[in-house]
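Presented below is the structure to which this report refers.
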Amino acid sequence: RKLPKGSDEDRERISVLLIGGRGSHDWHGFHDTIAPVLEETGDFHLKLTPNVDDLEAATLARYQVVLFYGPGGDFANKAEEDALHNYVKEGGGLVGVHATDAFKKSDVYWRLLGGRFVTHRGGEFWIRIMDEEHPVTAPFGDFKIHDETYQTEYHPQFKLHSLFR
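Residues in the sequence shown are numbered consecutively from 5, following my numbering.
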């Protein structure tokens, strides 16, 4: 399914820093799949980096969104954790895709995402749409998929609004 193409008028594209590169996940494959889909809309520009050390204030300031895909590990130092926290606090976007269980020792990261990885298994299961009105889920009905099911522990301060389960 194609995303709707943006209007042709001059507008700033949303700059996205995609951080991957740790662990066994195919982050190059993810980038090669998602980049053309997002860039085709005319609304996004993605920069790929394997370097989690790009989590410094000066680098983050150049992007509107940070997208993590399977980075794993922990912050190298408190400055990286503070930079990401301040970036989001000041309005920067944070998206976690697939392996968003990075920085397991960081309460800050846990609060930012609202949850953290506990365990997972694979198999076939149903996706049940919980919010049929939301623009993300409105075009879809319940469907069956073969994938990994991630189980998470939600941060006590997190208010969950589930689009699907």
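Glycine included, each C-beta is placed from N, C-alpha and C at the ideal position.
Buried or exposed: where does residue i fall if 16 or more other Cβ atoms within 10 Å of its Cβ makes it buried?
i	result
Val-70	buried
Trp-114	buried
Gly-33	exposed
Lys-6	For Lys-6, the predicted structure reports a pLDDT of 48, less than 50, and the residue's modelled location is therefore unreliable. The matter cannot be settled from this model.
Tyr-158	exposed
Glu-84	buried
Ala-62	exposed
Gly-145	exposed
Ordered along the chain, which non-local residues of its own chain (more than five positions away) have a Cβ less than 8 Å from that of residue i?
i	result
His-138	Leu-167
His-49	Arg-17, Ile-18, Ser-19, Val-20 and Glu-43
Ser-110	Asp-78, Phe-79 and Glu-85
Ala-65	Tyr-91
Lys-148	Glu-128, Phe-129, Trp-130 and Ile-131
Would residue i pass as a contact of residue j if the rule is Cβ separation under 8 Å?
i	j	result
Ala-80	Asp-47	no
Thr-141	Ile-133	yes
Leu-52	Ala-87	no
Tyr-91	Leu-22	no
His-165	His-102	no
Gly-24	Pro-54	yes
Measure the beta-carbon distance from residue i to residue j and round it to whole angstroms, keeping in mind my assumption that it falls under 8 Å.
i	j	result
Val-20	Tyr-67	6 Å
Arg-120	Thr-156	6 Å
Nearer than 7 Å: is that true of the beta carbon of residue i relative to any heavy atom of the ligand FMN?
i	result
Glu-94	Ligands are entirely absent from the displayed structure, and the ligand FMN is therefore not among its contents.
With DSSP as the reference, identify every bridge partner of residue i, one or two as the case may be.
i	result
Ser-19	His-49
Gly-100	Phe-72
Gly-119	Tyr-158
Glu-152	Gly-126
Phe-147	Ile-131
Phe-168	Ile-133
Using C-beta distances below 7 Å, list every residue in its chain close to residue i, excluding the 5 sequence neighbours before and after it, in chain order.
i	result
Ala-39	Leu-50
Gly-100	Phe-72 and Leu-117
Who are the near neighbours of residue i in its chain, counting only those whose CB is closer than 6 Å to its CB and skipping five residues on each side?
i	result
Phe-107	Asp-78, Phe-79 and Tyr-113
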